[in-house]
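Residue 1 is where the sequence shown starts when you use full-length UniProt numbering, and the numbers rise one by one after that.
Quick reminder that beta carbons are idealized off the backbone N, C-alpha and C, glycines included.
Okay, so here's the structure we're looking at.
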Amino acid sequence: MRIFGAKTESETQVNQKSRIDGQRTEVVIVASAFGADAIRRDGHSVWAAAAARAGAGGFEVRRELFASETDAQVGALAQLGERIRGQGLWAVHSTPATLFRDDGSLDLDTLKLAIDEAAALGARIVKLQLGGTETSVATDAATLDRLMSAIAESKARVVVENGQLKAGGTIGAFDALFTALPARSGLAMTFDTGNWHWAEQDPLDAVKRLAPYVGYVHCKAVMGEGARRFAAAPANGDARFATLLAHLPGDVPRGIEYPFIPGADASLDADAARQVERISAF
Numbered sequence: 001m002r003i004f005g006a007k008t009e010s011e012t013q014v015n016q017k018s019r020i021d022g023q024r025t026e027v028v029i030v031a032s033a034f035g036a037d038a039i040r041r042d043g044h045s046v047w048a049a050a051a052a053r054a055g056a057g058g059f060e061v062r063r064e065l066f067a068s069e070t071d072a073q074v075g076a077l078a079q080l081g082e083r084i085r086g087q088g089l090w091a092v093h094s095t096p097a098t099l100f101r102d103d104g105s106l107d108l109d110t111l112k113l114a115i116d117e118a119a120a121l122g123a124r125i126v127k128l129q130l131g132g133t134e135t136s137v138a139t140d141a142a143t144l145d146r147l148m149s150a151i152a153e154s155k156a157r158v159v160v161e162n163g164q165l166k167a168g169g170t171i172g173a174f175d176a177l178f179t180a181l182p183a184r185s186g187l188a189m190t191f192d193t194g195n196w197h198w199a200e201q202d203p204l205d206a207v208k209r210l211a212p213y214v215g216y217v218h219c220k221a222v223m224g225e226g227a228r229r230f231a232a233a234p235a236n237g238d239a240r241f242a243t244l245l246a247h248l249p250g251d252v253p254r255g256i257e258y259p260f261i262p263g264a265d266a267s268l269d270a271d272a273a274r275q276v277e278r279i280s281a282f
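Below you can see the structure in the form of C-alpha cells.
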C-alpha cells in the first residue's frame with residue numbers, strides 16, 4: 001500500500017480537473033469552527049454572518065450546539081434558516097444522532113426526525129453519524145427498503161459521516177452498506193478526512209474504497225496522538241491532506257471543521273476568510 005506522500009501525476013490531474021476555468025469548490029463553514037462556546041452563547045445566526053463575511057457558500061448548523069431544545073423546534077429552525085439564507089448562504093443540518101443503533105439495526109425514527117428538522121431549516125444537506133456495531137450495520141433487503149423510502153421523502157440530501165469511534169468509524173461498515181445499496185439509493189457519505197485517525201483506520205485506504213459514495217467532505221488535519229489528538233488546519237504543502245482531496249470528487253462541498261485561530265497578525269474574521277480560500281483552492 002502506498003503511503004501518503006507527494007502527489008502523483010494522475011492525482012494532480014484530478015485536482016486540476018475539479019477546478020476548471022476558475023470554478024471554485026463550494027466551501028461550508030461548520031459552526032464549531034468558531035468555537036462551541038461562542039455558538040452556544042451567541043446562537044448560530046450571529047456566526048452565520050461571520051461565515052458569510054469569510055466568503056463561505058454554506059454554513060453547517062450543529063444540533064448539539066443549540067442552547068436548548070427550544071432551538072430545535074420547527075419555528076426556531078425556520079427562523080434560523082431564513083437568517084442563514086439572508087446572509088446569502090445555504091445550510092447543512094448536522095445531528096450527532098446515529099442512523100443505526102448500537103446493535104446495527106436501522107433507527108428509522110431518528111432518521112425521520114433529522115429529515116423533518118432539516119426541512120424546517122431549509123437545509124440542502126442533512127448529516128447523521130453512521131452508528132452501528134464496531135464492524136457492521138444491517139444491510140438486509142427489508143432494512144434497505146425502509147431506509148430508501150424514508151430518504152425519498154427528504155428534500156435535503158441525506159449523508160452519513162465517519163465518526164471518531166470504531167462503531168460508525170470503520171471503512172468496512174461503510175463499504176458494506178454502500179455496496180449493498182443500489183446506485184440511486186439517495187444516501188451519500190460525508191468523508192471526514194481526520195476522523196479516521198481516531199478510529200484507527202487508514203484514510204488513504206478509506207478514500208480509495210469509498211470515494212464514489214462521497215457527497216460532502218469535512219476537512220481537517222489531525223495533530224497529536226491517542227487521546228490527545230485534536231483537529232487543526234492543514235499545513236501549507238500538507239501532502240497527505242492534498243492526496244486525500246485528489247482522490248475525492250472535486251464537485252462536492254468541502255466543510256471546514258477545524259478551529260479558526262486569531263493571532264497578532266490576523267483577526268478571527270481574517271483567519272476564517274484565509275481558510276475558506278485555502279480549502280477552496282487546495
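- Straight through space, the alpha carbons of Ala239 and Ala38 are spaced by roughly 32 Å.
- Linking Gly35 to Gly43 through their CA atoms gives a straight-line distance of about 11 Å.
- Inclusion of Gly172 and Gly132 in the CB contact set at 8 Å is not warranted, their separation being larger than that value.
- Judged by DSSP secondary structure, Val276 falls within the alpha helix (DSSP H) whose first and last residues are 268 to 281.
- No Cβ-Cβ contact shorter than 8 Å links Asp192 with Ala50.
- By the C-beta criterion, the stretch 103 to 123 is judged to be in contact with the stretch 143 to 153, since at least 3 inter-stretch pairs fall below 8 Å.
- Non-local C-beta neighbours of Asp107 in its own chain, meaning closer than 6 Å and more than five positions away in sequence, comprise Arg101, ordered along the chain.
- One thing to note: Gln129 has its Cβ within 8 Å of the Cβ of Thr98.
- Taking 8 Å as the upper bound for CB-CB distance, Phe59 and Val28 are in contact here, some 7 Å apart.
- Fully contained in the stretch 211 to 235 are the following beta strand (DSSP E) runs of length 3 or more, in chain order: 214 to 219, 221 to 223, 230 to 232.
- In chain order, Leu77, Gly81, Ala91, His93 place their CB closer than 6 Å to the CB of Leu121, counting only its own chain and leaving out the 5 sequence neighbours on each side.
- Distance from the CA of Arg254 to the CA of Cys219, rounded to the nearest whole angstrom, comes to 7 Å.
- Taken atom to atom, the span from the alpha-carbon of Val61 to that of Val126 is near 10 Å.
- In this chain, the beta strand (DSSP E) harbouring Arg62 covers 58 to 62.
- Spanning the alpha carbons of Ala233 and Ile115 requires a straight line of approximately 31 Å.
- Between Asn162 and Phe174, the CB-CB gap stays under 8 Å.
- Straight-line spacing of the CA atoms in Lys155 and Arg124 works out to 7 Å.
- When DSSP reads this structure, Ser94 sits in a beta bridge with Arg62, Lys127.
- Within a 10 Å sphere around the beta-carbon of Glu69 sit fewer than 16 other beta-carbons, which makes this residue exposed.
- About 6 Å separates the beta carbons of Tyr258 and Ala33, which is inside the 8 Å limit, making them a contact pair.
- Here Phe191 is bridged, per DSSP, to Val217.
- Taken through DSSP and simplified to helix, strand or coil, Val159 comes out as strand.
- For Val74, the uninterrupted alpha helix (DSSP H) segment begins and ends at 74 to 86.
- For the options Ala31, Val46, Val276, the alpha carbon positioned closest to that of Ala54 is the one of Val276.
- By DSSP's assignment, Val46 forms no beta bridge with any residue.
- With contacts defined by Cβ atoms closer than 8 Å, Gly186 and Ala141 do not form a contacting pair.
- Check the Cα spacing between Leu248 and each of Val158, Ala235, Ala206, Arg85: the tightest is with Ala206.
- Nearest to Ala48 by alpha-carbon distance, out of Ala272, Pro203, Thr135, Phe241, is Ala272.
- Nearest neighbour of Leu89 by Cα position, chosen from Val74, Ser45, Leu65, turns out to be Ser45.
- Between the alpha carbons of Glu200 and Gln79 lies a distance of about 40 Å.
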